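A.B. asks: Line order of the protein sequences matches chains Y and F.
Okay, so the first sequence: first residue is 942 according to the working numbering, each after it adds one.
Okay, so the second sequence: first residue is 942 according to the working numbering, each after it adds one.
Protein chains: 2
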Amino acid sequence: MNVENTQVQMRKGILEYCILHIISRGEVYASDMLDELTAARMIVVEGTLYPLLTRLKNAGLLEYKWIESKSGPPRKYYTLTDKGSKFLEKLTETWDDLVHSTQMITTKSNA
Amino acid sequence: MNVENTQVQMRKGILEYCILHIISRGEVYASDMLDELTAARMIVVEGTLYPLLTRLKNAGLLEYKWIESKSGPPRKYYTLTDKGSKFLEKLTETWDDLVHSTQMITTKSNA
DNA sequence: TCTAGTACTTGGCCATACATAGTACTTTTC
DNA sequence: GAAAAGTACTATGTATGGCCAAGTACTAGA
């Protein structure tokens, strides 16, 4: 039991929320997402992101189209489906509730 | 893939953080913690809490002493060890960073 | 053709939250 | 004092998602 491991655990589910949010703002492909996540200091590796995108796509929350690239192989550009948008709304509520609950507990002073 | 499941996933790791925080404020036993978590609307069931406490104790973050109860079997009252306090500090950083990163992503406007 | 770079895929591992059933002790009730 | 109810804790098995690591496929430049 170490801090690194708990950090990994804390990330669960939240990544999904962040990815959906990034895609909701417009067509992006995996590297775009990695860049944005990295900029926000939420470090993610390929082996996490790609399977996640596949899961979300299989669940009908995302769709993609192949677009040619000028420097390398074609890219999958993702967008949200209607179902994905609704899912994101619910996740936003969930996240806000969770942050709120955590704040209630962690800001309570020593009684 | 449904919302309920993602809620479960999001909770991972955070529960550990909340529990440590509650214990850091003074001696408590399991039912006290359940009450406080429930009050903050972070619903947790026994089957989750008890194994978690055992894990934290085995990791040397917690210690407990048996105290007699006036209504039922004796209770395990938990306190943080030094190691536990340090662990909690690091978790606090982790959580704050995570919230900050998530905010950076989710409050960014549609470019 | 060979190398380097980019984009995506796959299989296996691990830890946590949960459901469910069970144990042990105490107090109450008849 | 034995049965029932309540409280506190334990044990086992399942599912999921993040991560590691290796691998595939396509393009461009030398």
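The C-beta atom is built at its ideal place from N, Cα and C for all residues, glycine as well.
Owing to the predicted nature of the structure, the values given are computational and were not obtained by experimental measurement.
State buried or exposed for Val969 (chain Y), treating a residue as buried only when at least 16 other CB atoms are found within 10 Å of its CB.
C.D. replies: Indexing the first sequence from 1 puts residue 969 (chain Y) at position 28. By the 10 Å Cβ count, Val969 (chain Y) comes out buried.
A.B. asks: Counting only Cβ pairs nearer than 8 Å, list the residues of chain F close to Asp976 (chain Y).
C.D. replies: On the first sequence, residue 976 (chain Y) is found 35 positions in, with the first residue counted as 1. Ordered by position in chain F, no residue passes the 8 Å Cβ test against Asp976 (chain Y), which lies about 12 Å from the chain.
A.B. asks: My assumption, with CB atoms under 8 Å, is that Ala981 (chain Y) sits in contact with Ser1012 (chain F). Please give the rounded CB distance.
C.D. replies: Reading the first sequence from its first residue, position 40 is the one you call residue 981 (chain Y). Reading the second sequence from its first residue, position 71 is the one you call residue 1012 (chain F). Ala981 (chain Y) to Ser1012 (chain F), Cβ: 50 Å. No contact.
A.B. asks: Mind listing the chain F neighbours of Leu1016 (chain Y)? Cutoff is C-beta to C-beta under 9 Å, in chain order.
C.D. replies: One-based indexing of the first sequence puts residue 1016 (chain Y) at position 75. At residue 1016 (chain Y) the sequence reads Arg, which differs from the Leu that was named. The premise fails here: Arg1016 (chain Y) is roughly 18 Å from chain F at the closest Cβ pair, so nothing lies under 9 Å.
A.B. asks: Please classify Thr1048 (chain F): does DSSP put it in a helix, a strand, or coil?
C.D. replies: Your numbering for residue 1048 (chain F) matches position 107 in the second sequence. Coil, per DSSP.
A.B. asks: Output yes or no for whether 8 Å exceeds the beta carbon distance between Ala971 (chain F) and Met942 (chain Y).
C.D. replies: In the second sequence, counting from the first residue as 1, residue 971 (chain F) sits at position 30. In the first sequence, counting from the first residue as 1, residue 942 (chain Y) sits at position 1. No, the pair does not count as a contact, with Cβ atoms beyond the cut-off.
A.B. asks: Classify Thr995 (chain Y) as buried or exposed, calling it buried when 16 or more other Cβ atoms lie within 10 Å of its own Cβ.
C.D. replies: Numbered from its first residue, the first sequence carries residue 995 (chain Y) at position 54. Label assigned to Thr995 (chain Y): exposed.
A.B. asks: Spell out a yes or no on whether the region 973 to 990 of chain F and the region 1021 to 1031 of chain F are touching, meaning 3 or more CB-CB pairs, one atom from each, closer than 8 Å.
C.D. replies: Touching, no.
A.B. asks: Excluding the 5 residues preceding and the 5 following Leu1032 (chain Y) in the sequence, name in chain order all residues of the same chain whose CB lies nearer than 8 Å to its CB.
C.D. replies: To locate residue 1032 (chain Y), count along the first sequence from 1; it is residue 91. Same-chain partners within the cutoff: Glu957, Tyr958, Leu961.
A.B. asks: Nearest-angstrom Cα distance between Leu1039 (chain F) and Val949 (chain F)?
C.D. replies: Residue mapping note: residue 1039 (chain F) aligns to position 98 of the second sequence, counting from 1. Residue mapping note: residue 949 (chain F) aligns to position 8 of the second sequence, counting from 1. Looking at the two C-alpha atoms, the distance is approximately 17 Å.
A.B. asks: Using the C-alpha atoms, what's the distance from Arg966 (chain F) back to Lys1006 (chain F)?
C.D. replies: On the second sequence, position 65 is the one that residue 1006 (chain F) refers to. On the second sequence, position 25 is the one that residue 966 (chain F) refers to. Rounded to the nearest angstrom, the two C-alpha atoms are 16 Å apart.
A.B. asks: Is Thr1048 (chain F) closer than 8 Å to Met951 (chain Y) when the C-beta atoms are compared?
C.D. replies: Counting from one through the first sequence, the residue named residue 951 (chain Y) turns up at place 10. Counting from one through the second sequence, the residue named residue 1048 (chain F) turns up at place 107. No, Cβ-Cβ distance for Met951 (chain Y) and Thr1048 (chain F) is not below 8 Å.
A.B. asks: Indicate the three-state DSSP secondary structure (helix, strand or coil) for Tyr958 (chain F) in the structure shown.
C.D. replies: To locate residue 958 (chain F), count along the second sequence from 1; it is residue 17. It is helical.
A.B. asks: Give the single residue among Y:Val944, Y:Thr979, Y:Gly954, Y:Thr947 whose Cα lies nearest to the Cα of Met1045 (chain F).
C.D. replies: Working through the second sequence from its first residue, we reach residue 1045 (chain F) at position 104. Comparing Cα-Cα distances from Met1045 (chain F) to each of Y:Val944, Y:Thr979, Y:Gly954, Y:Thr947, the minimum goes to Y:Thr979.
A.B. asks: Answer yes or no: does any C-beta atom of chain F fall closer than 8 Å to that of Lys994 (chain Y)?
C.D. replies: Taking the first residue of the first sequence as 1, we reach residue 994 (chain Y) at position 53. The identity of residue 994 (chain Y) in the sequence shown is Leu, whereas the question assumes Lys. Judged by the 8 Å Cβ criterion, Leu994 (chain Y) is not in contact with chain F.
A.B. asks: Distance check for Thr947 (chain Y) and Glu977 (chain Y), CA to CA, integer angstroms please.
C.D. replies: Residue numbering aside, residue 977 (chain Y) sits at position 36 when the first sequence is read from its first letter. Residue numbering aside, residue 947 (chain Y) sits at position 6 when the first sequence is read from its first letter. Cα to Cα, Glu977 (chain Y) sits roughly 23 Å from Thr947 (chain Y).
A.B. asks: Rounding to the nearest angstrom, what Cα-Cα distance links Asp1023 (chain Y) and Leu1002 (chain Y) in this structure?
C.D. replies: Here residue 1023 (chain Y) is taken as the residue at index 82 of the first sequence, counted from 1. Here residue 1002 (chain Y) is taken as the residue at index 61 of the first sequence, counted from 1. Taking the straight line from one Cα to the other gives about 7 Å.
A.B. asks: Can you list the residues of chain Y that Leu1021 (chain F) reaches, using a CB-CB cut of under 8 Å?
C.D. replies: Here residue 1021 (chain F) refers to the residue found at position 80 when the second sequence is read from its first residue. In chain order: nothing, as chain Y lies at least about 12 Å away.
A.B. asks: Enumerate in chain order the residues of its own chain whose CB-to-CB distance from Pro1015 (chain F) is below 8 Å, with the five nearest sequence positions on each side excluded.
C.D. replies: Locating residue 1015 (chain F) in the second sequence gives position 74, counting from the first residue. So the list reads Trp1007, Ile1008, Glu1009, once near-sequence residues are dropped.
A.B. asks: Run through DSSP, which three-state label would Thr1020 (chain Y) get?
C.D. replies: Residue numbering aside, residue 1020 (chain Y) sits at position 79 when the first sequence is read from its first letter. It is a strand residue.
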